[in-house]
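Asks: Each residue of the sequence shown is one higher than the one before, starting from -5 at the first, in the working numbering.
For glycine and all other residues, C-beta sits at the position ideal for the given N, C-alpha and C.
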Amino acid sequence: MELDLEQAFEEPVDLSHAFELPLERLGRPELLSLGPVRFTGRLEKTEPGFLLQGRLTFDAKVTCARCLVEVPVARAVDVSWTFAPLHERPSHEELELKSADLDIVWYEELSFPFEPYIEEQLQLELPAKPLCGDGCRGLCPVCGADRNVTSCECAEPADERWTALKALRTPLS
Ligand SMILES: [Zn+2]
Ligand SMILES: [Zn+2]
């Protein structure tokens, strides 16, 4: 979807779009599936540029970082962008004086692809280390048993480096 700022010159416009973001491109191995990423919002003229405010919603499935079970993720977050023309951009020295301006997206053309901005927000909203629950006990590092559902007889390894060696020596059953 192209974001065309010009359409809000006269009066605010309501925008909505469902983005289909390909999993491969997101580079998140823990992400199993992702539904459409929906954006609904309002674009309006401000000085010296434009303000876009709205809401981003999506459903996804990720794997628990400890036990690898599937964990559903549902998010609805408020998002906003301020766009201003590049020729209004303050010099480096001026920027250091007022750091609030760092959040501005400087544009050269009034129309540009919106998807990268949606993708950036999505990346921020996906949990970095998703867990099925705070108390997830993870997998046994020796035999691989899911400690949430079963217990095994493996001794607690004293040293992590030792564990890796043992895992290599233990034949797969
Ligand atoms: Zn888990
Ligand atoms: Zn075990």
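Please classify Cys137: is it buried, with 16 or more other beta-carbons within 10 angstroms of its beta-carbon, or exposed?
Replies: For this step, residue 137 is matched to residue 143 along the sequence shown. Burial call: exposed.
Asks: Glu109 by DSSP, collapsed to three states: which one?
Replies: On the sequence shown, residue 109 is found 115 positions in, with the first residue counted as 1. Glu109: helix per DSSP, three-state reduction.
Asks: According to DSSP, is Leu118 part of a helix, a strand, or is it coil?
Replies: Taking the first residue of the sequence shown as position 1, residue 118 is located at position 124. DSSP places Leu118 in helix when its eight states are reduced to three.
Asks: Our contact map puts Val56 next to Pro124 with C-beta atoms below 8 Å; I'd like the distance itself, whole angstroms only.
Replies: For the purposes of this step, residue 56 is taken as the residue at position 62 of the sequence shown. For the purposes of this step, residue 124 is taken as the residue at position 130 of the sequence shown. The pair is a contact, with the Cβ atoms about 4 Å apart (cut-off 8 Å).
Asks: Given this structure, state the Cα-to-Cα distance separating Thr76 from Asp(-2), to the nearest angstrom.
Replies: The residue you call residue 76 lines up with position 82 of the sequence shown. The residue you call residue -2 lines up with position 4 of the sequence shown. C-alpha separation (whole angstroms): 14 Å.
Asks: For Arg69, which residues in the same chain have their Cβ closer than 7 Å to its Cβ, ignoring the five residues on either side in sequence?
Replies: Start at 1 with the first residue of the sequence shown, and residue 69 comes out as number 75. Within the same chain, Arg69 has close Cβ partners Thr51, Phe52 and Glu119.
Asks: Go ahead and pull the three-state DSSP assignment for Ser167.
Replies: For the purposes of this step, residue 167 is taken as the residue at position 173 of the sequence shown. Caution is warranted here: a pLDDT of 49 is assigned to Ser167, below 50, making its placement in the model unreliable, and the coordinate value is therefore given only provisionally. Three-state DSSP puts Ser167 in coil, outside helix and strand.
Asks: Per DSSP, what kind of secondary structure is Leu133 in: helix, strand or coil?
Replies: Counting from one through the sequence shown, the residue named residue 133 turns up at place 139. Leu133: strand per DSSP, three-state reduction.
Asks: Can you give me the C-alpha to C-alpha distance between Gly43 and Gly129, rounded to a whole angstrom?
Replies: Numbered from 1 along the sequence shown, position 49 holds the residue referred to as residue 43. Numbered from 1 along the sequence shown, position 135 holds the residue referred to as residue 129. Distance between the alpha carbons of Gly43 and Gly129 is about 48 Å.
Asks: Mapping the DSSP letters down to three states, classify Glu18 as helix, strand or coil.
Replies: By one-based count along the sequence shown, residue 18 stands at place 24. In the structure shown, Glu18 sits in a helix (DSSP, three-state: H, G or I).
Asks: Between which two residues does the beta strand (DSSP E) holding His11 run?
Replies: Within the sequence shown, residue 11 is the residue found at index 17, counting from 1. Run containing His11: Val7 to Phe13, per the beta strand (DSSP E) assignment.
Asks: Just the residues with CB closer than 5 Å to a heavy atom of ligand 1, in chain order, which are they?
Replies: Working through the chain, the matches are Cys58, Arg60, Cys61, Cys126 and Cys130.
Asks: Cα-Cα, which of Pro23, Lys39 and Val73 is closest to Pro79?
Replies: Position 85 of the sequence shown, counting from 1, holds the residue named residue 79. Cα-wise, what sits closest to Pro79 is Lys39.
Asks: In terms of residue numbering, what span does the beta strand (DSSP E) encompassing Glu38 cover?
Replies: As a working note, residue 38 is residue 44 in the sequence shown. Element bounds for Glu38: Val31 to Lys39.
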